[in-house]
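Here's the structure, in structure tokens; my notes come after.
In my numbering, the protein residues as written are 2 to 451.
Next comes the structure, spelled out in structure tokens:
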């Protein structure tokens, strides 16, 4: 959806070039493109209708000031209205209650409730909270075991329960356990169904009444489009929801539900799931999402992810080597790849870049994924410490040995060494202040880029 809408808006800017101001005629033509892009993204029809009307009202007669073109002026209006449509500002969790603060997770089966419960526990643990995970899903096979495994991976507390128990008994026992063990937050994963039914709604209503949660979050699959909005509306009518979590926002649908769910339910989107890994949960910022939809990227989220993932001490050591203009070796190169993997890989980083930069990066690194990163690390791991520090030692015999150790062809070793040589040149140019030369060298600085 993002790519589609971005491309359409690029055409809008071109058609409006040279106009003195935004008029009813040129705005109508431009918004026709926007309307089609939103409908193709499976955004709810009433939402599209209201959104287009709001943009048209705000855009009419807006002066094109300074160096802005009419197209850019319209994009500014669209961005502000998109952000407003999705909630205006980030809606944080409201956990300022007597501990433990209870978070009740609701949603249909297959929406990603259990995994999201784990992601949320990791998110809170990073904020120095002490979360407790508990599963009341006694119907889905291995649901409790799945949450137990996730808790073990995250090294957070887990409340033991069994399929034979009643969900209400589990919930009350978990709450008592959390109080006795000084857990700040209790995250309760509830049962889902393939479709909304009376039994499920009655059960989760009982849990809500007994637990009196600080947050009741509805977990919904963003790839469901309008269906996701309809389900969210049904849940919000039956349960006093406080927010929504959109999962699988990294999928092909690209957020049609994100543009609809706030308007239809009146509940803010608080988090978005952007991948399968337990770290792939982001606080939802409407203004940043609007910028990403319009191809402006989300550099702020990229910076925040870097702050969480990057080893500061290692980064300082690398910066010092760059400053000296020497000492950067293959061990440093491997560490940089590891840092990139912690941030979700190259594709996750590209997704947050402005459209033009993202397209350039994608064109050069189409095959750079988790598999390629592991292969590169494997090649470096097959080298001796001396070879990593002095890549110039890598002659034919050594290359064959390293290739065999890593399970790759010799050509892969040659490619890595060439990319590393290019990166070394870039480091020297940075040390000399040659930024223009450095940008030209970036083409081959990452394995898989060509």
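Beta carbons are placed, not taken as given, at the ideal position from N, Cα and C, and that holds for glycine.
### Query
By the 10 Å Cβ neighbour count, where 16 or more other Cβ atoms means buried, how is residue 422 classified, buried or exposed?
To locate residue 422, count along the chain shown from 1; it is residue 421. Counting the other Cβ atoms within 10 Å of the Cβ of residue 422 gives fewer than 16, which makes it exposed.
### Message
Considering only the alpha carbon of each residue, which of 425, 381, 394, 424 lies closest to residue 409?
### Response
Counting from one through the chain shown, the residue named residue 409 turns up at place 408. For the residues 425, 381, 394, 424, the minimum Cα distance to residue 409 belongs to 381.
### 6 Å Cβ shell around residue 159 - same chain, five flanking residues per side excluded
Counting from 1 along the chain shown, the entry for residue 159 is found at position 158. The residues are 134, 149, 152.
### Message
Bridge partners for residue 135 per DSSP, in chain order?
### Response
Numbered from 1 along the chain shown, position 134 holds the residue referred to as residue 135. Beta-bridge pairing links residue 135 to 160, 189.
#### Entry: Length of the line joining the Cα atoms of residue 50 and residue 56
As a working mapping, residue 50 is identified with position 49 in the chain shown. As a working mapping, residue 56 is identified with position 55 in the chain shown. So the alpha carbons of these two residues sit roughly 10 Å apart.
### Proximal residues to residue 1 (C-beta, below 8 Å), its chain only, five neighbours per side dropped
Outside the modelled stretch of the chain, which goes from 2 to 451, sits residue 1, for which no answer is possible.
### Query
Just reading off the alpha helix (DSSP H) that residue 205 is part of, what are its end residues?
As a first step, residue 205 is located in the chain shown; it is residue number 204 there, counting from the start. From DSSP, the alpha helix (DSSP H) with residue 205 extends over 199–212.
### Message
My assumption, with CB atoms under 8 Å, is that residue 212 sits in contact with residue 189. Please give the rounded CB distance.
### Response
Indexing the chain shown from 1 puts residue 212 at position 211. Indexing the chain shown from 1 puts residue 189 at position 188. Confirmed, about 7 Å.
### Task
Compare the Cα-Cα distances from residue 103 to each of 236, 399, 214 and report the closest residue.
The residue labelled residue 103 in the question sits at position 102 within the chain shown. Just measuring C-alpha positions, the residue of 236, 399, 214 sitting nearest residue 103 is 214.
### Query
By how many angstroms is the C-alpha of residue 376 removed from the C-alpha of residue 181?
Position 180 of the chain shown, counted from the start, is the residue given in the question as residue 181. Position 375 of the chain shown, counted from the start, is the residue given in the question as residue 376. Using only the alpha carbons, I get a separation of about 47 Å.
### Query
Where does residue 116 land, buried or exposed, given buried means 16+ other C-beta within 10 angstroms?
To locate residue 116, count along the chain shown from 1; it is residue 115. Classification for residue 116: buried.
#### Entry: Distance, residue 170 Cα to residue 177 Cα
Reading the chain shown from its first residue, position 176 is the one you call residue 177. Reading the chain shown from its first residue, position 169 is the one you call residue 170. So the two alpha carbons sit approximately 11 Å from each other.
#### Entry: Distance, residue 425 Cα to residue 329 Cα
For the purposes of this step, residue 329 is identified with residue 328 of the chain shown, where counting begins at 1. For the purposes of this step, residue 425 is identified with residue 424 of the chain shown, where counting begins at 1. If you take the alpha carbons of residue 329 and residue 425, they lie about 7 Å apart.
### Message
My parser needs the beta strand (DSSP E) runs of 3 or more residues fully inside the stretch 85–148; what are they?
### Response
As summarised for the stretch 85–148, the continuous beta strand (DSSP E) elements at least 3 residues long and confined to that stretch are 102–107, 132–136, given in chain order.
### Message
Could you tell me the alpha carbon to alpha carbon distance between residue 157 and residue 332, rounded to whole angstroms?
### Response
Working through the chain shown from its first residue, we reach residue 157 at position 156. Working through the chain shown from its first residue, we reach residue 332 at position 331. If I take the Cα positions, the gap works out to 32 Å.
### Task
Starting from the Cα of residue 336, find the closest Cα among 372, 378, 41 and give me that residue.
Taking the first residue of the chain shown as position 1, residue 336 is located at position 335. When each option's Cα is compared against that of residue 336, the closest is 378.
### Task
With residue 240 as the anchor, note down where its alpha helix (DSSP H) starts and where it stops.
Counting from one through the chain shown, the residue named residue 240 turns up at place 239. Residue 240 -> no alpha helix (DSSP H), and no H or E assigned at all.
### Message
For a quick check, are the C-beta atoms of residue 220 and residue 106 less than 8 Å apart?
### Response
Taking the chain shown and counting its residues from 1, one reaches residue 220 at position 219. Taking the chain shown and counting its residues from 1, one reaches residue 106 at position 105. Taking 8 Å as the Cβ cut-off, residue 220 and residue 106 qualify as a contacting pair.
#### Entry: Closest by C-alpha distance to residue 334, when choosing among 26, 292, 285, 419
Residue mapping note: residue 334 aligns to position 333 of the chain shown, counting from 1. Of 26, 292, 285, 419, the residue nearest in Cα terms is 419.
### Query
Would DSSP call residue 379 helix, strand or coil?
Within the chain shown, the letter at position 378 stands for residue 379. Of the three classes helix, strand and coil, the one that applies to residue 379 here is helix, per DSSP.
### Query
At which residues does the alpha helix (DSSP H) containing residue 219 begin and terminate?
The residue labelled residue 219 in the question sits at position 218 within the chain shown. Run containing residue 219: none in the alpha helix (DSSP H); it sits in the beta strand (DSSP E), 216–222.
### Task
Report back the beta-carbon spacing between residue 263 and residue 374 to the nearest angstrom; my notes put them in contact at under 8 Å.
For the purposes of this step, residue 263 is identified with residue 262 of the chain shown, where counting begins at 1. For the purposes of this step, residue 374 is identified with residue 373 of the chain shown, where counting begins at 1. Approximately 36 Å separates the beta-carbon atoms of residue 263 and residue 374; this is outside 8 Å, ruling out the contact.
### Task
Tell whether a beta-carbon distance below 8 Å holds between residue 210 and residue 239.
As a position in the chain shown, residue 210 is number 209, starting the count at 1. As a position in the chain shown, residue 239 is number 238, starting the count at 1. Their beta carbons are not under 8 Å apart, which means residue 210 does not touch residue 239 by this criterion.
### Message
Can you tell me which residues form a DSSP beta bridge with residue 283?
### Response
Walking along the chain shown from the start, residue 283 turns up at place 282. Bridge partners of residue 283: 273.
#### Entry: Same chain, Cβ closer than 6 Å to residue 396, neighbours up to 5 away in sequence not counted
Taking the chain shown and counting its residues from 1, the one referred to as residue 396 is at position 395. Same-chain partners within the cutoff: there are none.
### Query
When you compare each of 39, 120, 390 to residue 274 by their alpha carbons, which one comes out closest?
As a working note, residue 274 is residue 273 in the chain shown. That would be 120, whose Cα lies nearest to the Cα of residue 274.
### Task
Would you check if the distance between the CB atom of residue 280 and the CB atom of residue 272 is smaller than 8 Å?
Here residue 280 corresponds to residue number 279 of the chain shown, with the count starting at 1. Here residue 272 corresponds to residue number 271 of the chain shown, with the count starting at 1. Not closer than 8 Å, so no.
#### Entry: Distance CB(residue 172)-CB(residue 197) smaller than 8 Å
Numbered from 1 along the chain shown, position 171 holds the residue referred to as residue 172. Numbered from 1 along the chain shown, position 196 holds the residue referred to as residue 197. Going by C-beta atoms, residue 172 is not nearer than 8 Å to residue 197.
### Task
Measure the Cβ-Cβ separation of residue 266 and residue 243 and say whether it is below 8 Å.
Residue numbering aside, residue 266 sits at position 265 when the chain shown is read from its first letter. Residue numbering aside, residue 243 sits at position 242 when the chain shown is read from its first letter. No; because the gap between Cβ atoms is not below 8 Å, this pair is not in contact.
### Query
Would you call residue 165 buried or exposed, if buried means 16 or more other Cβ atoms sit within 10 Å of its Cβ?
Here residue 165 is taken as the residue at index 164 of the chain shown, counted from 1. Exposed, since its Cβ has fewer than 16 Cβ neighbours within 10 Å.
### Task
Would you mind working out which of 186, 155, 127, 77 sits nearest residue 95, comparing C-alpha positions?
For the purposes of this step, residue 95 is identified with residue 94 of the chain shown, where counting begins at 1. Checked all of 186, 155, 127, 77; the closest Cα to residue 95 is 186.
### Task
Pull up the distance between the alpha-carbon of residue 392 and that of residue 416, whole angstroms please.
Residue mapping note: residue 392 aligns to position 391 of the chain shown, counting from 1. Residue mapping note: residue 416 aligns to position 415 of the chain shown, counting from 1. For residue 392 and residue 416, the distance between alpha carbons rounds to 13 Å.
### Query
Which partner residues of residue 247 appear in the DSSP bridge assignment?
In the chain shown, counting from the first residue as 1, residue 247 sits at position 246. For residue 247, which the question treats as bridged, DSSP gives the partners 221, 273.
### Query
Can you give the Cα-Cα distance for residue 414 and residue 125, rounded to whole angstroms?
Looking up residue 414 in the chain shown gives position 413. Looking up residue 125 in the chain shown gives position 124. Their Cα atoms are separated by approximately 42 Å.
#### Entry: Best match in 141, 92, 154, 136 for proximity to residue 161 [C-alpha to C-alpha]
In the chain shown, the residue the question calls residue 161 occupies position 160. Out of 141, 92, 154, 136, the CA that lies nearest to the CA of residue 161 is found in 136.
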